[in-house]
Each structure stands twice: as C-alpha cells, then as structure tokens.
Amino acid sequence: MAEPAPSEPNEPGEPGEPGEPGEVIDDRALEEVVRFTSELIRIDTTNRGGGDCAERPAAEYVAERLGEADIAATLLERDPGRTNVVARIAGTDPDAPALLVHGHLDVVPAEPADWSVHPFSGEVRDGVVWGRGAIDMKNMDAMVLAAVRAWARAGVRPRRDIVLAFTADEEDSAEPGSGFLADEHAGFFEGCTEGIGESGAFTFHAGSGIRLYPIAAGERGTAWLKLTARGRAGHGSKVNRDNAVSRLAAAVARIGEHRWPVRLTPTVKAALTGIAALRGLKADVDAADFDVDALLAELGPAASLVEPTVRNSANPTVLEAGYKVNVIPGSATAYVDGRIVPGGEEEFRATLDRLTGPDVDWEFHHRSVALGAPVDSPTYQAMRAAVEHFDPGGHAVPYCMSGGTDAKQFSRLGIAGYGFSPLRLPEGFDYQALYHGVDERVPVDALHFGVRVLDHFLRRA
C-alpha cells in the first residue's frame, strides 16, 4: 500500500461521513462491516469447552477477506480445526512500536428455542444485526476487516505497524488460541508493546444525559477453583461425623457469604474519580476514610461499571456429590468462580485457606493473571480522542473489566492490553446483558460508528 497523503484531522462535530478530510471509511466499508458481521455469525463456531469447537471455517473466511485486500494472512493451529489468523500491516513510521489488534472467532453456545430469531441466522432486521457473536465479538472482527480493506482501497497506511490476530478458544481456556500464539509464535508479534481487544468504548448511558464510553485498562484475574471434601462413606441412616457433603456445604456457604475487603487499583481509582466528576461529585479515593460503597451508591447506573472490580470475589457455581439418597458418599466436589484484582492474589489465597478450613482442599481449576494498563499513555489518549471526535457529547473514562480476554495471554509477550471495541448504542440498549445472553444483537448504526472510530484511532495511534 502507498503512504497516505498528508491530511488534517477532522474538526469535532457529527460522526464523520464518507468523504470527510482525513477519513477513508466510505459507503462500501459501511456496507461491508454489516455484511461481514452477518456472515461471520452464520458460521457456527460454538465453543462448548473441552476442545469441542472448530473455528477453521471462520478463520478461512477472515483470511479470504484479507487476501482480497492483498494483506497476507497466516493460519496457525495447535489442534486440528482450532485455527488462528495472523497478519501484519506495515506502518509509515518504522521506529514506532507495533500495535496488536485482536478478536476471537469462537462464540458461546446458544439454544435456538430461547431466541426470537435463530442465533446463527445473522439476520439484519429493522436496522439491527441478530445472532450469537453480534456483540461478543464477531462485530469487532468485522470492523477490523472493513477498516483495513478501506485502507487498501484508499492506499493509506497506519503510522505504526498493526498486527492482526483472530483467535480460537477465547471462550474456554484460550490455550489453543492466544496462548498458543504467545507461546509458540511470538515472532509474529515482534515489536508489539500494546494491544486492543474486546469490551470497551461502548456507550453507557449513566443517567442525567451523561454518555460514558468506558475504555478498559485492566482486567481482574481468573481463579476458577475446585474444592474437594473427603469423609467416611456409609449408610444414610447412620450417624456420620465425617460427612463429606456436610463439610463441603459448610465451606461453600462460608465462601458465598464472605465480604471481601476493598482493594482499589490505579485503573479503578481513575474510573471512580472520572465518573464522580461527571456527576458533580468529589471523590478523594486516596483518603484513609474513603468509603467506596457510599460513593458507588451516588453514581447511579454507572456504579455497575465499577462495583465488580473494587474487590476480589468468589462465587460458588457447581456442586457434585453422591449417587443415591441413602448413601453417604466418601467425597464431594464444588467449583467456585474466583476473580482477583491486580495485586490481590496473596490475599485471595490466604482467604480461601481460611474459608475452606482443614477438611476441604482447594486448587486452581483454571487461572490467569490480572492486568493493568496505564491510563495516561499516548495510546489511551488516542482512543479517548477518537471516541469523543465522533461523539463530542460523550465522555471516555477508564474502567477495569470484571472478567478476562485474550489480553491475558498476550501479556506473556509484554503487551499492555486495552479493551476498545467502539459502539455507539441507544439509550435502553443493555449491552452488558447481551454478552452470552439471549437475543444477542447489534445496531447497524453502532457498527458504522465503530468502524469509523476504529479507523480514526488505528491510523493516528
């Protein structure tokens, strides 16, 4: 691709229309982002866990779309059918660090009987694209494809190298996907210091006309736990002081009722301070007597963005024990979804040791690191500027994700991760509820906004 001609950035105003100075997102790109979202949804990449998924058809679709724009794509597999796609677009500044842009190709299961439309129809109806993956996250995959194809048509390049990664298995362990890429194919990511991925820069209507665009600059760590209690098997009619089920139930109850102490990370402090200021509140988050729960009570709907990330957490989710009502089993098992704030692992381990007690063992069933990225970096500021350029009345704020993304695996390469998948959403559209929910969908207007913001950011970051 040829280098872009010098151009001035757009003046702030209404969302950029095709043909504005400095913008390359044309009518074709706007059509493609919708079509690509729909077509990717129609490729069923349901991830049922335990290796039961095949992303290859979607990976081949992505590689073909890139190839049509003369962007060379490499398909990589650790396990048959679990395909990843990687490509690099050269920037105009060879001395600038590269930027990773990643999106996953798998989706969680969907039961068609529960949906208003078939979850793999990709139906476009009344200005909305329906189907599993419309939010999580084939929409972002489509935005990336539409943007880089528009660059190819316009003969422009970004300032820094852009490395694209479309991954397998994010909805399970991620090890055949981003984990495999980070561990076995690090060379593809040479020079990458930062990356962007899912779940950030979506419109959050915070009340009183305030439109937030939370950009993720952190993730809690994943700590899925397996608890095992052992006791003396026997007849259900006999006295048994060594009942494994009772021991497990007591430990699970203690975990479920535990109130974790507040642990505020720099990202969460920045989120609280920024949101409070927009609501006309003062928040001295470093004061010794700062009461985070009292502030959250004053933040209105925006409290839901921050509340899950001010503490560690552990929620019991699965119980397994016994096989007949009159038989006391010799063992019982439970699973707990634990999440750890950055810097909170030592406290988490000590607390679990205490809550489980001497009669119940616990171990990590699956774990991944907590992440934090700077909110004062030039890249973060470029993301903020791109969002607020296309929605001048909106306010980009940092936040920490309660869950996790492929950024955890890419952090093994020293890549700082941000959540930036821009969407402008109407009031009443419950974006967060649609993650893994029924009737997942995305407005066409949101996709148009997203591809414009993404293009603006990527070429200027």
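Read in the working numbering, the sequence shown has 217 at position 187, and its numbers run on one by one without any break.
Even glycine gets a Cβ: it sits at the ideal position worked out from N, Cα and C.
The model shown is predicted, which means the values in this text are computed figures rather than measured ones.
Judged by beta-carbon spacing, Ala-89 lies beyond the 8 Å limit of Thr-104, meaning their Cβ atoms are not closer than that value. If the five residues before and after Thr-347 are omitted, its C-beta is found closer than 7 Å to the C-beta atoms of Tyr-365, Val-366, Asp-367, all from its own chain and listed in chain order. The beta carbon of Met-170 sits closer than 7 Å to those of Gly-133, Glu-228, Ser-451, all from its chain and outside the five residues before and after it, given in chain order.
Taking 8 Å as the upper bound for CB-CB distance, Gly-251 and Glu-375 are in contact here, some 7 Å apart.
At a Cβ-Cβ threshold of 8 Å, Gly-230 and Ile-245 count as neighbours. Per DSSP, reduced to three states, the secondary structure at Asn-169 is helical. Burial check for Val-357: the Cβ neighbour count within 10 Å stays below 16, so the residue is exposed. Look at Tyr-429 here: in three-state DSSP terms it is strand.
Between the stretch 135-152 and the stretch 460-477, the count of C-beta pairs closer than 8 Å reaches three or more; the two stretches touch. Residue pairing by DSSP puts Thr-258 in a beta bridge opposite Thr-363, Asp-391.
DSSP places Arg-471 in no alpha helix (DSSP H) but in the uninterrupted beta strand (DSSP E) bounded by 471-473. DSSP lists no bridge partner for Arg-162.
Under the 10 Å beta carbon count, Ala-283 is surrounded by fewer than 16 other beta carbons and is classified as exposed. Following the DSSP letters along the chain, one finds Thr-197 in no alpha helix (DSSP H) but inside the beta strand (DSSP E) bounded by residues 192-197.
The residue among Lys-354, Gly-304, Glu-249, Ala-415 with its C-alpha nearest the C-alpha of Leu-484 is Ala-415.
Secondary structure at Glu-90: helix, using DSSP grouped into helix, strand and coil. Under the DSSP definition of a beta bridge, Ala-103 partners with Ala-117. For Arg-241, the uninterrupted beta strand (DSSP E) segment begins and ends at 241-249.
Assignment of beta-bridge partners to Ile-358 by DSSP yields Gly-264.
A direct Cα-to-Cα measurement between Gly-157 and His-478 gives close to 11 Å.
Pro-359 is positioned such that its CB atom lies no closer than 8 Å to that of Gly-248.
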